[in-house]
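Working notes, structure below.
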Amino acid sequence: MSTRIADADRVLRLCVVAALAFGPVFAAPPASALEIFGLRLFERQDAEEDDTFIGTPQPYTVEFTVSGDDEEIESDLKNASSLWADREEPAAGVAGLVAKARGDYRRLLDALYGQARYGGTISITLDGREASDLLPDVELADPAAVRVTIDPGPLFHFERAQIVNKAPPTTNRDDHVADPAEEGFRVGEPARSGAIVGAGRLASEAWRHQGYAKAEVAERRIVAAHDTETIDATIRVEPGAYAVFGPVTVSGTERMDPAFVARQTGITPGTEYDPDDMKKANDRLARLDVFSSSRLQEAETVGPDGRLPIEVIVQERPPRRFGVGGSYSTLDGLGFEAYWLHRNLFGRAERLRVEGRVSGLGETFKPDELTYRVGTTFTKPGIYTPETDFVASVYGEREVLDAYTRTGVSGRIGFTHRFSEELSARLFATGGYNHFNDDIFGERDFVTAGFLGGITYDTRDNAANATRGIFTELTVTPFYEFEYGNAAASVVAEARAYYSLDEESRFVLAGRVKAGALFDPPIAETPPDKLFFAGGGGSVRGYAYRNIGVETPLGVAGGRSLIEGSAELRVRVTDTIGIVGFADAGYVGAEAFPDFSEDLRIGVGAGLRYITGFGPIRLDIAVPLDRRENDPSVALYVGIGQAF
8 MSTRIADADR VLRLCVVAAL AFGPVFAAPP ASALEIFGLR LFERQDAEED
58 DTFIGTPQPY TVEFTVSGDD EEIESDLKNA SSLWADREEP AAGVAGLVAK
108 ARGDYRRLLD ALYGQARYGG TISITLDGRE ASDLLPDVEL ADPAAVRVTI
158 DPGPLFHFER AQIVNKAPPT TNRDDHVADP AEEGFRVGEP ARSGAIVGAG
208 RLASEAWRHQ GYAKAEVAER RIVAAHDTET IDATIRVEPG AYAVFGPVTV
258 SGTERMDPAF VARQTGITPG TEYDPDDMKK ANDRLARLDV FSSSRLQEAE
308 TVGPDGRLPI EVIVQERPPR RFGVGGSYST LDGLGFEAYW LHRNLFGRAE
358 RLRVEGRVSG LGETFKPDEL TYRVGTTFTK PGIYTPETDF VASVYGEREV
408 LDAYTRTGVS GRIGFTHRFS EELSARLFAT GGYNHFNDDI FGERDFVTAG
458 FLGGITYDTR DNAANATRGI FTELTVTPFY EFEYGNAAAS VVAEARAYYS
508 LDEESRFVLA GRVKAGALFD PPIAETPPDK LFFAGGGGSV RGYAYRNIGV
558 ETPLGVAGGR SLIEGSAELR VRVTDTIGIV GFADAGYVGA EAFPDFSEDL
608 RIGVGAGLRY ITGFGPIRLD IAVPLDRREN DPSVALYVGI GQAF
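Positions 8 to 651 (my numbering) are the ones given, in order, by the sequence shown.
Encoded structure:
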C-alpha cells in the first residue's frame, strides 16, 4: 500500500502536533523520524544508520518514476533519495535495504514539502511489495527490484503568511536582516517548507541584531486546506530581554594570555549585543593562527542588569611549525623554499617566521649563479586595536636574472590594519642596500630609504582558488636614493575579477589588469629592482621571469611604466581535476606615462589543475606570440595556487 500524504485530516493532525511540540530547527533527522517544517516527530534509529550493522550485501536495481513533467521536482526527489544516490552499491543486507527504503519515505516527503507539494503520494516497493509493510528478515531477489513511484500532487500557496511580534525597522544598515516576504514567505507565493522555516529564522535574527540576544520562535501554527490547496502559516516570535555584552571570560588557554585573548575578541562589555560582533570576534581569534579551535558561548540567560556574559573556549595549537614548498619552470629552473614558524613567542600570539628560498637550480649549481633569499619576519598582533598588527622584517638576498644580478639586504617596519573583512591597509618604513651588476650600466651601488603604503579591497570567496569576487590593490612607494641623490615615487594598481558561469562554479572566467608608474629619476640612476619588468608564471607566461622590459642595444633594461593583463577560462572537469585556457599580455615603457614605443608581449597557453585542500597544483604550458631571439618556443610552469 502506498504512503498517502494527501489526506487532509492526517496532515492537519501533524500540524497540530507540530504546533504543540515546537522547538528549534534540527539537523538531518534519523531515517525513521518524520520531519515537518524543521521539526522531528516519532524519532528512532534505523539499521541503515547504525554503523555497527553487518549483513550480507544486497544488490538492487531502481526504477524511479515521477508523475508530471517538472524536471526541478524530479531532480530534487532523486537528490533526496538514498536508494537512488546509492544505486551503484549494494545495501548492507536485506534489513539494510528495507531500512533505506523506509528512510526514503521521510526524505522524499521532505523534498515534496520543500517544493510546496502537500497532497502527493509516495510508493516504494521491493520486489513488488510496499516497503512500509516489510519486515527486516523478508526474502528478496538478487538483485532486488526497487520501484519508487511519486505523484507530487498540486502546488500549495500561502493564503496567510503572518509573523506576530515582528521586529521594528532598524535605522542601522548593519542591523538589517532580509524581510521574510522577500524570501518567499508571503500571500500568493508557493508555500515551500523552507520559506516557513527561513521566516522564523529571519524573524528571530531581526530581533537579535537589535540587541535581543535570546529572541526565538515561540510558536508555529501551520494549517493546510486541501480543498483550496492553500497553507495558513502564523509564526509568533518572543524577543526576550534586551541585552548588552557582559564580561568576557576565557577557558582552555595554556601558553596564551587569557586577558589578551579576551581583548582580541573586540567585544566591549556594556555595548549592545550584536551577532555580527560575535562573528567578527570568532574571525579575529582565527586570524591569530594560535588555536586549533575557538568558539564564543553566550550565557544561557540575560542577567537582571541586562548583561549577557560571554565565554571564549579555545584549544591551542603546537607553537612551532615547519613547512617546505617548491616550483619549477623550464625558463627559470627548479626552486625550493622552507620556513620555520613560532606562532606564540611571548603568550600574545607573537609570530616569528624564519624562511629561505633558492631557485635557478638545473641550469647551474654554482652558489654565485643561483637566486636565493633568507630572512625573518616578526609580527605582533593587537597593537592599539585588535585589528592592528606590528610587523618588522629583514632579508638578505641574491637575485640572478637575465637583466641584472642583485646582492643586498633590505628591511621594513610598520603596521597593517583591517578596517573590515574586505578592506585592509598597511604602512611601512623601508630601507636597503643593493649592489647591481648588469651588461648595460655595469656595477652600481644603491642605498634607499622611504615608505610603502598600500590599501587592499578583497571580496574573493577563496584566495587560493577564487571563483567569485574581486581583488583590488593600490600601492604607493615614495623613496630617496642616497648614492645619486634622487627622490622618487612608484605607484602600482592591480585589479582581479572572478565570475562563475554556473551555480557549481565549474566554469569560471578570471581576469587581471595591472598598471604601474615610476616618477622622476632616469633609468640609469634608479635601482633596477625599483623599475618595472614583466614575464614569468605570475605575469606574462611564455616569457622568462622579469625578461620583458625596455629593449636596448646591450639588452633588456627595466622601465618606468607597466601595463599587464591576463584572462583565463577555468573549467573543473571533476572534483579534483581542472583545465585552464589563458592569454597574457604585458608592456613595459621607458617613460612614466607610456608612449607605447615598445612592443606588446603576448603569451597564450593551457594548463592543468589538481585541486587540493590547500589550493590547486598548477601546471601551465605557454608559447610567446611575439618571440624574440632569446625567448623559448614553449615554456612550462609548475606551482601551487592559481596564476592569479
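Just so it is clear, CB atoms sit at the ideal spot from N, CA and C, and this is done for glycine as well.
query: Contact the stretch 604-611 vs the stretch 583-592: 3+ CB pairs below 8 Å; result: yes
query: Inter-residue Cα distance where the pair is L626 and T619; result: 14 Å
query: Whole-angstrom C-beta distance between T235 and Q169, which should lie under 8 Å; result: Not a contact, Cβ separation roughly 17 Å.
query: Collapsed DSSP secondary structure at L352 in the structure displayed; result: coil
query: Rounded straight-line distance, which links the Cα of A210 to that of P159; result: 30 Å
query: Cβ neighbour criterion (16 or more within 10 Å) applied to K373; result: exposed
query: Enclosing beta strand (DSSP E) for E605 [first to last residue]; result: Per DSSP, E605 belongs to no beta strand (DSSP E) and is neither H nor E.
query: Cross-strand partners of H424 (DSSP beta bridge); result: T395, A432
query: Cβ-heavy atom distance, V595 to the ligand GTP, below 7 Å; result: Among the components of this structure there are no ligands whatsoever, and the ligand GTP is therefore not found.
query: Member of P529, T177, E429, Y550 whose CA lies at the smallest distance from the CA of R467; result: E429
query: Nearest-angstrom Cβ-Cβ length linking S88 and D111, presumed shorter than 8 Å; result: 5 Å
query: L569 in three-state terms, based on DSSP; result: strand
query: Closest Cα partner of R635 within the set S573, G195, G562, A231; result: G562
query: Exposure label - N86; buried when at least 16 CB within 10 Å; result: exposed
query: Helix, strand or coil at R513 according to DSSP, with G and I counted as helix; result: coil
query: Three-state secondary structure assigned by DSSP to L341; result: strand
query: Every unbroken beta strand (DSSP E) within the stretch 407-493, with a cutoff of 3 residues, ordered by chain; result: 412-425, 430-445, 449-465, 476-488
query: Range covered by the beta strand (DSSP E) that runs through S130; result: 128-133
query: The stretch 220-238 touching the stretch 259-267, judged by at least three CB pairs closer than 8 Å; result: no
query: A650 classed as buried or exposed, judged by whether at least 16 other C-beta atoms fall within 10 angstroms; result: buried
query: H216 and P175 closer than 8 Å at C-beta; result: no
query: Residue burial classification, F486 (beta-carbon count within 10 angstroms, cutoff 16); result: buried
query: Rounded distance between the beta-carbons of Y644 and G2, thought under 8 Å; result: Given a span of 8 to 651 for the chain in the structure shown, any question on residue 2 remains unanswerable.
query: Contact between the stretch 575-587 and the stretch 533-548 (3+ Cβ pairs under 8 Å); result: no
query: G596 to K537 span [Cα, whole Å]; result: 14 Å
query: Distance, A198 Cα to A399 Cα; result: 58 Å
query: Beta strand (DSSP E) segment containing A240, residue limits; result: 237-245
query: F267 - DSSP class collapsed to helix/strand/coil; result: helix
query: Between the CA atoms of F385 and Y280 - distance to the nearest angstrom; result: 35 Å
query: Contact belief for G501 with A495 at Cβ below 8 Å, rounded distance in angstroms; result: Looking at the sequence shown, residue 501 is not Gly but Glu. Actually they are not in contact, since the Cβ atoms of E501 and A495 sit about 20 Å apart, beyond 8 Å.
query: Coil, strand or helix - Q52 by DSSP; result: Note that Q52 scores a pLDDT of 41, beneath 50, so its modelled location is shaky; the value from the coordinates is reported in the next line. Coil at Q52, not helix or strand.
query: Under the three-state DSSP convention, the category A210 falls into; result: helix
query: CB of V499 within 8 Å of CB of Y506, strictly; result: no
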